Structure formats: structure tokens, C-alpha cells
Amino acid sequence: MSYLAASDIKSNLAQGFDLSQYLTETDAEVNDLAEILGVRDTADIATPLHYKLKRYAVVFTLMRLAQDKLGTTSVDVAVEKYRDLYDLYKAELRDLKPQITYEMVTGNVNSIVARTSVFNLYRG
């Protein structure tokens, strides 16, 4: 199952490139992340993807594209641009990954309105 379409990638980095290979790789990454979080069947992954999981998938695709572009040019300025983009996307992936939960993957996220909180209030 494809979780992203080429139209989901809005970055100028992806303009003019065939993203089918990257989207296939991204699907495998989403499946791996779901498995790490305890989702045993890919049919349990909710579509459309939760916002953070979709952002994770888009950033992963762009990171892989930047990684591949690193070795395709001999101009140092261009290499540095792709290295900076790669580092930026990798850092964002590192930030997003711990925020994604089993509930986000399976689509069982409760509305904040349905939550209650209990806390102790002390007066001194």
C-alpha cells in the first residue's frame, strides 16, 4: 500500500524527479516504524496517515532524496546545499520519531475533548 503520493511532496528539492523509488522506500519505512510501535499487521495502519506520521514519511522521502543527490554533482556549493538539507531532514526525523505513537499509526487517537485529567491541588 502506498501511504504517500508524489503530490504530497511539496519541496523544490523533489521537482523534476521520479519519486516512485523513494515512495516505495518510504512505505517500507512507515511499515517498519509501525512494527517497532507494536502494529503487527500493515492492514492496521490507518489511512490517511495521521499528520505527524505523514510528516515523518514526507521528511524521510526528502532526506533520502537529499542523500542521493549528495553524490551526483562535483560543484562544492551544490554538495553543501544537499548536505545541509540532509542534515536538516535527518534532525527533523530524529525529533518526530519519538512523538509518533501506536494510536497515531492505528488511527485510534482520542480527541482532547474526551480526555480528563486528575491532579492533586495542595494549599500550603
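If you read the sequence shown in this note's numbering, its first letter stands for residue 19, the second for the next number, and so on.
Cβ atoms here follow ideal geometry from the backbone N, Cα and C, with glycine treated the same way.
Fair warning: this is a prediction, and the values are worked out from it, not measured in the lab.
By the 16-neighbour rule on beta-carbons within 10 angstroms, residue 79 is buried.
For residue 100, same chain residues with a beta-carbon under 6 Å away, outside a window of 5 residues either side, are 84, 87 and 88 in chain order. Shown here, residue 103 sits in a helix according to DSSP, grouped into three states.
It is roughly 28 Å from the alpha-carbon of residue 28 to the alpha-carbon of residue 54. Judged by beta-carbon spacing, residue 23 lies beyond the 8 Å limit of residue 123, meaning their Cβ atoms are not closer than that value.
Residue 81 counts as buried, since no fewer than 16 other beta carbons sit within 10 angstroms of its beta carbon. Annotated three-state conformation of residue 20 is coil, per DSSP. Using a 10 angstroms sphere on the CB of residue 69, the tally of other CB atoms stays under 16, which defines it as exposed. Residue burial annotation: residue 140 is exposed, with fewer than 16 other C-beta atoms found within 10 angstroms of its C-beta. Of the candidates 33, 21 and 44, 21 places its Cα closest to the Cα of residue 61. Rounded to whole angstroms, the Cβ separation of residue 73 and residue 114 is 6 Å, and the two are in contact under 8 Å.
DSSP places residue 78 in the uninterrupted alpha helix (DSSP H) bounded by 69-87. Here the C-alpha atom of residue 121 lies approximately 33 Å from the C-alpha atom of residue 33.
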